[in-house]
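Peer 1: Note that the protein sequences, when read in sequence, are chains A and B. Sequential numbering from 8 applies to the first sequence in my numbering. Sequential numbering from 63 applies to the second sequence in my numbering.
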Amino acid sequence: MSMLAQRKAIGPGRSRFTLQVNERSYEFDIEPRVTLLDALRDRLQLTGTKKGCDQGTCGACTVLVDNRPVLSCLTLAVMHAGARVTTIECLERDGKLHPMQQAFVEHDAFQCGYCTPGQILNAIALAKSERDLDDDVIREHMSGNICRCGAYANIVAAVRDGARRMRE
Amino acid sequence: MTALPLVGAPRDRLDGRAKVTGTARYAADFAPARLANAVIVTSTIARGRVARLDPTRALAGEGVIAVMTHRNAPKVRAEASGLFYELMLLQDDRVRYDRQPVAVVIAEAIEQAVEAAALIDIDYEREVPVSCIEDSRDRYTPEDIFGDPPDATRGDPDSALASARFRVRQTYTTPVEHHNPMEPHATLAQWDGDRLTVHDSTQGITNVRRRLAEVFEMPVERIRVLSPYMGGGFGCKGGVWSHVALAAMASRLVERPVKLALSRPQMFSSVGHRPRTIQTLDLGADRDGKLQAVVHRVLAHTSEFDEFIESSALITKVLYAVPNMRTTHELARLNVATPTYTRAPGESSGSFALESALDELSYEIGLDPIELRLRNYADVDPEDGRPFSSKHLRECYALGAEKIGWSARRAKPGSVRKGRMLVGMGMATATYPAFRWPASAIVRMEKDGRVIVRSGTQDLGTGSYTVYAQLASEVLGVPLERVRVELGDTDLPQAPLSAGSVTAASVGTVVYQASVDLRKRLERGEKAPLESRVDGKPPKDEPYSTHSFGAQFARVEVDPDLGLVRLQKMVGAFAAGRILNRKTARSQYLGGMVWGAGMALHEITRFDDRTARIMTANLGEYLVPVNADLGEMEAYIVEEEDEHVNPIGVKGVGEIGIVGAAAAIANAVYNATGIRIRDLPITPEKLFV
């Protein structure tokens, strides 16, 4: 079925670049069209970041790029050469959960867990933003992360508590 | 009564660490050597056939390994069988619904497969499709619903209605809804000689195994299905759908492991939906508000080729003491994909109609809505007079009313304001049947005292990894930290589909019984390592009627100029027997209530009825609730001991949270505005006066 003699690349061909992910450097030689999400999941086997829609509508793919929450499905890996990418895998230190992770567990801020990495990273960005966090601010900021299990009430409680713990 | 005082403790989920660290692996997270990525190509028409298909440009793409179409797909058995639906496995050139699979592209990298999928040239022979119930030319009454006749009559409803002092006669409609769990369906299929191993995101590993065995006409023993983590289901991962078999077919074709995940738009086609319902309620009550007759008629749709019945009127048979009743279910065939069970199938859609009608009746009579429910309270099953195994619905009404602040409600619609906003409160009754299905479990103690619970059940986020460990921990006196649950593997003792809120009752009972047996043997002097196995079946006799009950309350603020509904507070109070873990149960209730908010205010799948194509096939246009759509959400557990429902007194909590929630919100909107919306979702356009 394959027609090897006529194979051709569709697009501009590969790009060579380096990504900083979770404080490590990774060399890439991939087509520019590869999303940051697919680069993380398929090339680096960092599968903690999830693909929920691949079109920027659900937030499950949220990672931090230079501490800003970014929808990794809507951006290309090559665009972040030189930037620091943080995924969910990097938060635990020496077997100890990050305060926001701990808060999510204690408040049962997830059920199936699929949206959870994106929720936690977005929550960390919010906590670090030094905004005054009341429930309305939390709800609004976290509305980019859909949770179909409906754990929202617990997510708000976890974000409030996690932010407090992060400040301590 | 089995005393299990520590069970119910609000322990953190045992799989919590895996989920918050991203180490829990879902079906698409595995990457065996030589993995290939597959993408399904779906039709752009809803009815007709593939007239011409040219994969040349796709095959020329870099990294493309193969293109599977109806011309070269292996011959497999795709027909419906027993409870299994017909599958679209590229066995012919027919197209039966929008976004039906018509090809599969397999490539090295996912972006190569996605690109190549768009390069397959397809021409269709189109036929005129029908996607609207009102246009269906094939309406019929199904033969049965779950073994019972589809239509049921009690007493003489026509005479009772004719002579009733108060009447409400209305039509209520609920739209097509799609489940949209956060994780799209995904399957990883690998062949090893004639053995097939599948990682699948499913609520039923045993069904997946059986279905694949039928599709490939191979012994079921040669198939292993694994689903240790899955990202939500809500019913759409209960059926075995086409993509699972297509992944296995693709893997066999290219002789490599194949990973196939649905795109989000594909979540709107081949994996089921809640069908639209058109329901008429005709209530008749005497001057004291006691219901004399209820007639509940349901019309919903199914596909051209399979039958699914949204059993919306069944709730009406059990919920109130009504001496005269008729319930009917009718189906209309449409050129759409086959609908399926969607969180509280029947009860969700039916409770919207029934509880809205009762709310309308309460205004007709001038009775408080809770008082109306209390006057029609059923102390025994109104169908057959059996006692309930337990029922604490009155306590649910009272607790919920207190927590929402019901005493501040004014009966006259539109009479309460907060600044510019109109304020209203509404309520509804909730119920869900409590079933138990056959299940098996092994409880094993290792030499060092650690305990392992093994059962081929699933955890959809429902808490299976935690609650069965709690049961074993309790009975054996082993700290929870030293107990672990293994599930989601067909190599484990068989457990039922995780659906119908049955899992806790089914698996919990056998885990409890195996733990008790193991403890007895240890006490008799047998030494670890030691394991006990129980294969449990519910008894045939059903002297009691078994249901969970609850009360739903909502308070809304409506902007009178913009028609925007702000959901200020929802309160649910539920009595569902023994609660295995108060933290996870509360989460289940809240999750159901969020679904109710979505049903009431946001969710609708829109078709272009000229083409029967879905226009809203993404999460930007099919709206599910986001965090800021919700106000205060509170769920309360009403204590309930039940000695009859099963040995551990457990009823199941996964679905009752949605039942009545949409009606409570709709009733609150009426109380706020005086506008009665009988067609969900309630959107601003419907509230413009």
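Where is the CB? At the ideal position from N, CA and C, for every residue including glycine.
1. Is the beta carbon of B:G293 less than 7 Å from the beta carbon of B:E245?
2. Beta-carbon separation of A:A130 and A:M173 under 7 Å?
3. With distances taken between CB atoms, is the gap from B:P243 to B:N397 smaller than 7 Å?
4. Could you check if B:V282 is buried or exposed, using at least 16 other CB atoms within 10 Å of its CB as the buried criterion?
5. Who are the Cβ neighbours of A:D73 in its own chain at under 8 Å, not counting the five residues just before and after it?
6. Under DSSP, the beta strand (DSSP E) around A:R155 begins and ends at which residues?
7. How long is the line joining the alpha carbons of A:E147 and B:A100, rounded to whole angstroms?
8. Where B:G295 and A:D168 are concerned, what is the direct C-alpha to C-alpha distance, given to the nearest angstrom?
9. So which residues on chain A does B:S325 lean against when the C-beta distance must stay under 7 Å?
10. Taking any Cβ of chain B, which residues in the region 143-158 of chain A have a Cβ under 9 Å from it, in chain order?
11. Take the Cβ of B:M63 as the centre, count every other Cβ of all protein chains shown within 10 Å, and call the residue buried at 16 or more, exposed below.
12. I'd like to know if A:A160 contacts chain B, where contact means its C-beta is closer than 7 Å to some C-beta of that chain.
13. Where does A:R171 land, buried or exposed, given buried means 16+ other C-beta within 10 angstroms?
14. For B:V686, which residues of its own chain have a beta-carbon under 7 Å away from its beta-carbon, when the five flanking residues on both sides are left out?
15. So is B:R498 buried or exposed if we call it buried at 16+ other beta carbons inside 10 Å?
16. Give, in chain order, every residue of the region 637-650 of chain B whose Cβ lies closer than 7 Å to some Cβ of chain A.
17. Using the beta-carbon count (16 or more within 10 Å), is B:E372 buried or exposed?
18. If we ignore side chains and look at the alpha-carbon of each, how far apart do B:D704 and B:L455 end up?
19. Would you please verify whether the beta carbon of A:V41 is less than 7 Å from any beta carbon of chain C?
20. Using the beta-carbon of each residue, which ones in chain A are nearer than 7 Å to B:R314?
21. In the DSSP assignment, find the alpha helix (DSSP H) that holds B:F414 and state where it starts and stops.
22. Could you check where the alpha helix (DSSP H) with B:Y651 kicks off and where it finishes?
23. Near A:V163, which residues of its chain fall below 7 Å by C-beta distance, leaving aside the five closest residues on each side in sequence?
24. DSSP three-state call for B:Q341: helix, strand or coil?
25. What are the start and end residues of the beta strand (DSSP E) that includes B:I504?
26. Does any residue of chain A bring its CB to less than 7 Å from the CB of B:I182?
27. For A:D45, which residues in chain B fall below 7 Å Cβ to Cβ?
28. Report the rounded CA-to-CA distance for B:M677 versus B:Q532, giving the unit in angstroms.
29. Which same chain residues end up closer than 6 Å to A:V28 when comparing Cβ atoms and leaving out the 5 residues on each side of it in sequence?
30. What three-state label does DSSP hand A:V166 in the structure shown?
31. DSSP beta-bridge partners for B:I172?
32. For the candidate residues B:W253, B:A310 and B:P212, whose alpha-carbon lies nearest to that of B:K137?
33. Closest Cβ-Cβ distance between B:T83 and chain A: below 7 Å?
34. Write down the C-beta distance between B:V633 and B:V627 rounded to the nearest angstrom, noting that I regard them as a contact closer than 8 Å.
35. Between B:A503 and the ligand ATP, is there a pair consisting of the residue's CB and a ligand heavy atom that are separated by less than 6 Å?
36. If we call anything under 7 Å between Cβ atoms a contact, is A:F111 one with B:V82?
Peer 2: According to the structure data:
1. Within the second sequence, the letter at position 231 stands for residue 293 of chain B. Within the second sequence, the letter at position 183 stands for residue 245 of chain B. In contact: B:G293 and B:E245 (Cβ atoms closer than 7 Å).
2. Residue 130 of chain A sits at position 123 when you count from the first residue of the first sequence. Residue 173 of chain A sits at position 166 when you count from the first residue of the first sequence. Against a cut-off of 7 Å, the Cβ pair of A:M173 and A:A130 comes out as no contact.
3. Here residue 243 of chain B corresponds to residue number 181 of the second sequence, with the count starting at 1. Here residue 397 of chain B corresponds to residue number 335 of the second sequence, with the count starting at 1. Their beta carbons are not under 7 Å apart, which means B:P243 does not touch B:N397 by this criterion.
4. Reading the second sequence from its first residue, position 220 is the one you call residue 282 of chain B. By the 10 Å Cβ count, B:V282 comes out exposed.
5. On the first sequence, residue 73 of chain A is found 66 positions in, with the first residue counted as 1. Only A90 and R91 meet the Cβ criterion.
6. Taking the first sequence and counting its residues from 1, one reaches residue 155 of chain A at position 148. Secondary structure note for A:R155: it is in no beta strand (DSSP E), with a DSSP letter that is neither H nor E.
7. Taking the first residue of the first sequence as position 1, residue 147 of chain A is located at position 140. Taking the first residue of the second sequence as position 1, residue 100 of chain B is located at position 38. If you take the alpha carbons of A:E147 and B:A100, they lie about 37 Å apart.
8. The residue given as residue 295 of chain B occupies position 233 in the second sequence. The residue given as residue 168 of chain A occupies position 161 in the first sequence. So the alpha carbons of these two residues sit roughly 29 Å apart.
9. Here residue 325 of chain B is taken as the residue at index 263 of the second sequence, counted from 1. Per Cβ cutoff of 7 Å: D61.
10. D143, I145, R146, E147, H148, M149, S150, G151, N152, I153, C154, R155, C156, G157 and A158
11. Position 1 of the second sequence, counting from 1, holds the residue named residue 63 of chain B. Its pLDDT being 47, under 50, B:M63 is placed unreliably by the model, and the measurement read from it follows with that caveat. Taking all protein chains shown into account, B:M63 has fewer than 16 neighbouring C-beta atoms within 10 Å of its C-beta and is therefore exposed.
12. As a working mapping, residue 160 of chain A is identified with position 153 in the first sequence. By this cut-off, A:A160 is an interface position.
13. The sequence position of residue 171 of chain A within the first sequence is 164, counting from 1. Answer is exposed; the Cβ neighbour count stays below 16.
14. Within the second sequence, residue 686 of chain B is the residue found at index 624, counting from 1. Taken in chain order, the residues that qualify are N242, G660, H664 and E665.
15. As a position in the second sequence, residue 498 of chain B is number 436, starting the count at 1. B:R498 is buried by the Cβ-count criterion.
16. K645, T646 and S649
17. As a first step, residue 372 of chain B is located in the second sequence; it is residue number 310 there, counting from the start. By the neighbour-count rule (16 or more Cβ atoms within 10 Å), B:E372 is buried.
18. Reading the second sequence from its first residue, position 642 is the one you call residue 704 of chain B. Reading the second sequence from its first residue, position 393 is the one you call residue 455 of chain B. Cα to Cα, B:D704 sits roughly 14 Å from B:L455.
19. Any reference to chain C falls outside this structure, whose protein chains are A and B.
20. Counted from its first residue, the second sequence places residue 314 of chain B at position 252. The contacting residues do not exist; B:R314 stays about 14 Å from chain A at best.
21. Residue 414 of chain B sits at position 352 when you count from the first residue of the second sequence. B:F414 -> alpha helix (DSSP H) spans E409 to I427.
22. As a working note, residue 651 of chain B is residue 589 in the second sequence. Looking at the DSSP string, the run of the alpha helix (DSSP H) that includes B:Y651 is R644 to L663.
23. On the first sequence, position 156 is the one that residue 163 of chain A refers to. D142, I145 and R146.
24. In the second sequence, residue 341 of chain B corresponds to position 279, counting from 1. The answer is strand: DSSP assigns B:Q341 an E or B state.
25. The sequence position of residue 504 of chain B within the second sequence is 442, counting from 1. Per DSSP, B:I504 belongs to the beta strand (DSSP E) from A501 to M507.
26. Here residue 182 of chain B is taken as the residue at index 120 of the second sequence, counted from 1. By this cut-off, B:I182 is not an interface position.
27. Reading the first sequence from its first residue, position 38 is the one you call residue 45 of chain A. Result: I172 and E173.
28. Translated into the one-based positions of the second sequence, residue 677 of chain B becomes position 615. Translated into the one-based positions of the second sequence, residue 532 of chain B becomes position 470. Roughly 46 Å separates the two Cα atoms.
29. Sequence index remark: in the first sequence, residue 28 of chain A carries index 21 (1-based). Cβ neighbours of A:V28 beyond the five flanking positions: V92.
30. For the purposes of this step, residue 166 of chain A is identified with residue 159 of the first sequence, where counting begins at 1. Three-state DSSP puts A:V166 in a helix.
31. Counted from its first residue, the second sequence places residue 172 of chain B at position 110. Paired residue(s): none; B:I172 is not in a bridge.
32. Along the second sequence, read from residue 1 onward, the residue named residue 137 of chain B stands at position 75. Among B:W253, B:A310 and B:P212, the Cα nearest to that of B:K137 is on B:A310.
33. Against the second sequence, residue 83 of chain B aligns to sequence position 21. Interface residue, yes.
34. Along the second sequence, read from residue 1 onward, the residue named residue 633 of chain B stands at position 571. Along the second sequence, read from residue 1 onward, the residue named residue 627 of chain B stands at position 565. Not really, about 17 Å apart at Cβ, beyond 8 Å.
35. The model depicted lacks the ligand ATP and carries no ligand whatsoever.
36. The residue you call residue 111 of chain A lines up with position 104 of the first sequence. The residue you call residue 82 of chain B lines up with position 20 of the second sequence. Cβ atoms of A:F111 and B:V82: closer than 7 Å.
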